Amino acid sequence: MKDTLSVDPASLKMLEIARERGIETAWDRYLAQQPQCGFGELGLCCRNCNMGPCRIDPFGDGPQKGVCGATGDIIVARNLLRMIAAGAAAHSDHGRDVVETVMRVATGEAKDYAIKDENKLKALAAEFNINTEGRTVKEIAKELAEAVLEEFGTRKGYIQTVERVPAKRKEIWERLGLLPRGIDREVVEAMHRTHMGVDNDPANLILHGLRCSISDGWGGSLLATEFSDVLFGTPQPVKGKSNLGVICKNAVNILVHGHEPILSEMLVAAAKDPELVAAARARGADGINLVGMCCTGNEILMRHGIPAAGNFLQQELAIITGALEAVVVDVQCIMPALGQLAACYHTKFISTSPKAKFPGAVHVPFDEHHALDTAREIIRLAVENYPNRNKDRVFIPEDITEYVAGFSVEAILKILGGTLNPLIDAIKNRSIRGIAALVGCNNPKITQDYNHLNMVKELIAKDVLVVETGCAAIASAKAGLLLPEAAELAGPGLAGVCRALGIPPVLHMGSCVDISRILVVAAAIAGELGVDIADLPVAGAAPEWVSEKAVSIGAYVVASGIFTVLGTVPAVLGSKVVTELLTRQAKDLVGGYFAVETDPFRAAELIINHIDEKRAALGI
Amino acid sequence: MRFVIAGNSAAGVAAVETLRRLGGRQNHITVVTDEPGETYSRCMLPDLLAGKKTEYSIRLRPPDFYRKLGVELLGGVAAVALQPGEKKLLLQDGRELAYDRLLVATGARPVLPEVPGAEARGVFTLRTLTDARLIASLAPRVSRAVIAGGGLVGLKTAYALKTAGLDGVTVVVTSPRLLIRQLDEEAAALVERELRSAGINFIYNARIKAFVTGSGGDLAGVELEDGRELPAGLAVVAKGVRPNDTLVGEAGGETGKGIVVDRYLRTTLENVYAAGDCIQVTDRVTAQKVSSALWTLAFEQGRYAAANMLGLARPYPAPLTRLNSARFGTVDVISVGRLEGPEVMARYDPLRFTYRRLVFDGERLAGFILAGKVDGAGVYTALVKSGRPAWTYRRQLLEGRAGSVALSNFLTFH
Amino acid sequence: MQKEVLINFDRCLGCRSCQLACAVAHSTAGNLFGAILNGEKPRTRIFVHQVGGQKAPLNCRHCEDAPCIDACIAGAMHRQEDGTVTNVGGEQQCTACWMCVMVCPYGVIRSDAAGTMALKCDRECRDEAGVPACVRACPTGALVYAGVDEYSGRRRVDVLARALQQVSGNF
Ligand SMILES: Cc1cc2nc3c(=O)[nH]c(=O)nc-3n(C[C@H](O)[C@H](O)[C@H](O)COP(=O)(O)OP(=O)(O)OC[C@H]3O[C@@H](n4cnc5c(N)ncnc54)[C@H](O)[C@@H]3O)c2cc1C
Ligand code: SF4
Ligand code: SF4
Ligand code: SF4
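Going down the list, the protein sequences come from chains Y, U and W. Counting in this note's numbering, the first sequence runs without a single skipped number right up to 664 at its last residue. Counting in this note's numbering, the second sequence runs without a single skipped number right up to 474 at its last residue. Counting in this note's numbering, the third sequence runs without a single skipped number right up to 172 at its last residue.
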């Protein structure tokens, strides 16, 4: 499916506009990058020291070792570990920011925030052995946040939240030395090991990669999710709208893009400020329209039903509508191209994180102490920018699709009546054949959303319940798959369950750190059945993945025992040893393993076969 | 114009192709050869003996080659005399071929030792397809063979017979070691080791006194001057070749180490050109007059001669007359130019299983040997040939980094 | 006009993408991942070298009076209609005698992995538009497929001709 750039009609319309106006997008830059370096594609180049750079001839013709003697296997393994470390660092640093905000709420420094989910706070406190009896929420929050911040660099054997995995899983990890320590330690150790002349055993490197990723999935990411819920409330099903059509012709449009909810939550509040709304009206706008992009979009859509303007590859397209007064960003997956693009329009590109500055951006530093004020300032910038909009250059595609999102674990439990048993029964009686988690980004190597949507459709048609996060979830939102009516597309078993519960066949479970929610459900089901996660009829997929975060995700999902299909080829094929390890030996070691399948139909088939195999093994 | 070419091998074929390529179709071309049939690669005759190639696969050109080029081929008939005044070539069968320009490309013939029994059944030389056929038909019926001569043709023949399955193959070498004209001791030792491990025996410093015949006149063995007797049902004499220069010589043309030609490859006879193994050339490096005796040279001379016959005046530069490439099992050897000189450096590269020897004469690379892996050899050859200063590249050359030398050359003129 | 792979020396970064692309183009799979997954070992016919700070690729120049054609004892090395000098696709088969290796002044003919035949730039890598794989792969435009005149006029021709003459003697 190479002949079209996207299957999203809104994207296609905007790409047409971009072409007419001579505006470059990621797709153009991707083409300009062709051909991409084969050594890089295979993971065979190393820049880890200054005797290098070195690259290995994959055909055994040219050099087979780096200057230090590193073979292709070593180089591929080191590169992969570094990718995992970077991805794990990104998620977990995000997690730490959220926990720190909770801390500031507890100390009273971040007065604009509050603890929204006290139940969850208390449950977490119990998990961390913190006394809650007779103590104020703030006291508990403070002690908990302290304990958890400690977790990031924990000196005890392994992180607390690992206790959430089924006993069998923990045994496997213990046996393989995969019980993760704090993420700071794992990432630092990963960087140490990949330094020239340290760890040169491909398997040892990959195993550490798994440990590092587990510390992310079951640690940093999971804590990001849990503390976001504590701070902003645990998501419950909520209706909203998606795709570029949510940008309003007559409103001050503000696109919130990035990953953390800390800023966006405040923007949601500030956008409702009557004074600012009045200011917008005074400038001829109907009001202020906040829309989300990528995972920041996911965070606010599932808590507030804020419209999702699109997924990763639409960030530029949103600006090209000419109707954005501001793009406000924090961290991760923000294309540095936005600065130059925004300059072609009246759009203000506002960066907020001290960690993430961009060329062509106005930097409005955001800190929790003056959160609401800063948020107001940002919105004001946007409002004041409204008169600068050139109405002749505005083109907003009409595409808008409704969705239902916000299926946190708690929400699912509530729908099921308080226990997982109805779900487990449905799996047992094969109304639900299995569960597939589809996650990850958009990649210009693949027709936008094509892999996502086709996999989802194939899977639900075969009674596989699909759970999604991140840009994959937004793809489904835009295609109407997150609506209960989409049950029509599901097989009879799954459709029946959806109708009975009033849920869509594809459940939006949050942003990319919220993959931890999926793990928690899987662990709970396994626990209920007295089996390991690896025994469940469950699989994962990242059909259009891009980022190093996705590499970490893939690693911890596999390490958790779940078979995972990648839709774009990871840079590991240069090493037979590493490829074998990931796609075969991993199965014997951790239960989960990778497959690479760029065709969504065949990828779905792989998942269904896997699910059937697991069902057979369980005797259901 | 009428062109006649005597000889249908490397030089002859190259000439035919060039006459057509540069001269178009209008000229009349006749090729005479005393061998029957189409042109084949003489150098690949050992492969035929070894059973690695068939007569079909050693063809030099496809069967319709002459027809396609519109060339008349008179096969199986020798040219016996030349009448330069009448511009006529007389053939064995009495025919007379008139020409405007004649190319003599009659090659060379093997030297036969003047020892008793040399005419016995079972004693051969290897030069023609007919020779190869005879040897190949006898080989399966004997178990032991003696090869006289430790040069390239001798060793190739020995290796071929061994490959063909003969039990005992012994090479009798006059010199103290093999390939004395091509290799130094180290490189020769590498080749010897390879050949010995293939099961070939060597006797050095030995001369054949007589070929001994048994009952019925068949070869029974070889007697050496030191009295030793080597039983053998087959012997191949490979003691070098002699240019076929009589056609020109008897017609009054000058000959020396072959037919004497000027830089346009003209003989001293009007309208008669010569190319290939039959001519004498001046070595580019040593300035000595020697027989040409190499495939590559025969081919390029054929090309140059043809251009000159067409009146294009292409002076033929003095060639390198030592320019050998051979393969023995896993050992490839290439040897070019001088073997000895004022400055010699040599090194075995254990990482690439390759021996390299460089001979410098002042700044200039005068010769080299590569034994083992020979990739990049042409860069060395080009340096020997061009005579450009090469001393600065000695390290790279010794280490086998020919590519960067080639690039330097390129860049120097960028 | 006959096209040649011309080398713009100032642009080469030494990334070896051309080498990789050449090898891949000569694989059965025809693409990098496929060749790797099949365990193929295709060989490149273009070679990146370095002299001082200067990096540059060298491949066959498809010389007008190609010495390798003269040298080939098998009659395998020949020139095709479009000027390509190659030992494949002709009437005769390469016999791995390395005569061509011995005489190529650029050192760009080499043995295959098994030592059973000589490999060289055979331009059996061109896409539908007729562009060779190495040229397509070069990210900096150091390799250009063009008629010599089209490229940059006489100067370059002179340079090439002179280099050729000096490097190879007067073949
Ligand atoms: C076994 C073997 C291996 C060799 N290996 C190599 C090698 O590895 N490298 C290398 O460079 N060289 C090698 N040579 C030498 C190489 O074969 C010759 O240099 C080359 O064949 C010379 O070509 P030519 O055209 O000059 O003459 P030849 O090949 O000798 O051909 C002469 C032609 O003239 C014809 N002819 C001769 N006299 C007459 C006449 N009176 N009337 C009509 N026709 C006549 C013959 O029939 C023949 O067609 C080898 C030779 C042999 C025998
Ligand atoms: S670490 Fe080894 S392989 Fe990497 S750049 Fe340094 S020498 Fe080369
Ligand atoms: S190696 Fe092959 S192409 Fe080269 S000269 Fe020998 S037979 Fe011809
Ligand atoms: S691809 Fe281009 S830049 Fe890279 S090594 Fe080859 S010629 Fe040089």
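Where is the CB? At the ideal position from N, CA and C, for every residue including glycine. In this text the structure is predicted, and so the values were computed from the model without any measurement.
Chain U places a beta carbon closer than 8 Å to that of residue 92/W, counting this residue as a contact. Between the beta-carbon of residue 286/Y and that of residue 504/Y there is about 18 Å, and that puts the pair past the 8 Å contact cut.
Residue 25/W belongs to the set of residues whose beta carbon lies under 8 Å from a beta carbon in chain Y. Look at residue 384/U: its beta carbon is less than 7 Å from one of the heavy atoms in ligand 1.
Note on geometry: alpha-carbon atoms of residue 331/U and residue 140/U lie some 18 Å from one another.
For residue 90/Y, the shortest C-beta to heavy atom distance toward ligand 4 is 7 Å or greater. Under the rule that a run must span 3 or more residues, the beta strand (DSSP E) segments found entirely inside the stretch 392-464 of chain Y read 392-395, 445-449. In this structure, residue 268/Y lies near residue 135/Y, with their beta-carbon atoms less than 8 Å apart. Taking CB atoms only, residue 104/U has a neighbour in chain W less than 8 Å away.
If you ignore the 5 residues before and after residue 216/U, its C-beta comes within less than 6 Å of the C-beta of 106, all in its own chain and listed in chain order. The beta-bridge partner set that DSSP reports for residue 294/U consists of 205/U.
Closer than 7 Å to some heavy atom of ligand 4: that does not describe the Cβ of residue 238/Y.
Contact between the stretch 76-86 of chain U and the stretch 363-374 of chain U is present: three or more C-beta pairs spanning the two stretches fall below 8 Å. The stretch 317-324 of chain Y and the stretch 165-176 of chain Y do not touch, with fewer than three beta-carbon pairs separated by less than 8 Å. A residue is listed when its beta-carbon falls short of 6 Å from at least one non-hydrogen atom of ligand 4; in chain order these are 13/W, 14/W, 15/W, 16/W, 17/W, 18/W, 19/W, 49/W, 58/W, 138/W, 139/W, 141/W, 143/W, 144/W. 8 Å or more divides the Cβ of residue 300/U from the Cβ of residue 422/U. Setting aside the 5 residues that flank it on each side, residue 256/Y is surrounded in the same chain by 125, 128, 129, 132, 224, 227, 230, 231, 233, 234, 596, 599, each with a C-beta closer than 8 Å to its C-beta; the list follows chain order. A straight-line Cα-Cα distance of about 42 Å links residue 334/Y and residue 122/Y. Residue 14/W is outside the set of residues whose beta carbon lies under 8 Å from a beta carbon in chain Y. Spatial neighbours of residue 103/Y in its own chain (CB-CB distance under 6 Å, excluding positions within 5 residues in sequence) are not present. When DSSP states are grouped into helix, strand and coil, residue 108/Y belongs to the coil group. Contact between residue 149/U and residue 159/U holds, since their C-beta atoms are separated by about 6 Å, short of 8 Å. When the Cα atoms are used, residue 455/Y and residue 82/Y turn out to be separated by approximately 46 Å. Annotation: residue 63/W is outside any alpha helix (DSSP H) and is labelled neither H nor E by DSSP. Chain Y has no Cβ within less than 8 Å of the Cβ of residue 59/W.
About 7 Å separates the beta carbons of residue 359/Y and residue 382/Y, which is inside the 8 Å limit, making them a contact pair. Look at the beta carbons and you see the stretch 135-144 of chain W touching the stretch 9-24 of chain W: at least three pairs across the two are nearer than 8 Å. By the criterion of at least three beta-carbon pairs nearer than 8 Å, the stretch 387-399 of chain U is in contact with the stretch 250-261 of chain U. Residue-level contact check: residue 10/W does not touch chain Y, since none of the beta carbons of chain Y fall below 8 Å from its beta carbon.
Contacts with chain W (Cβ-Cβ distance below 8 Å) from the stretch 99-126 of chain Y involve 99, 101, 102, 103, 104, 105, 106, listed in chain order. Per DSSP, residue 87/U lies in no alpha helix (DSSP H) and is assigned neither H nor E. For the 8 Å CB-CB criterion, residue 7/W and residue 97/W do not form a contact.
Beta-carbon to beta-carbon, residue 302/Y and residue 338/Y are separated by about 7 Å, close enough to satisfy the 8 Å threshold. Taking the Cα positions, residue 110/U is about 4 Å away from residue 220/U. Taken from the Cβ of residue 70/U, at least one heavy atom of ligand 1 lies inside 7 Å. Taking 8 Å as the cut-off, the beta carbon of residue 279/U is found closer than this to the beta carbon of residue 183/U.
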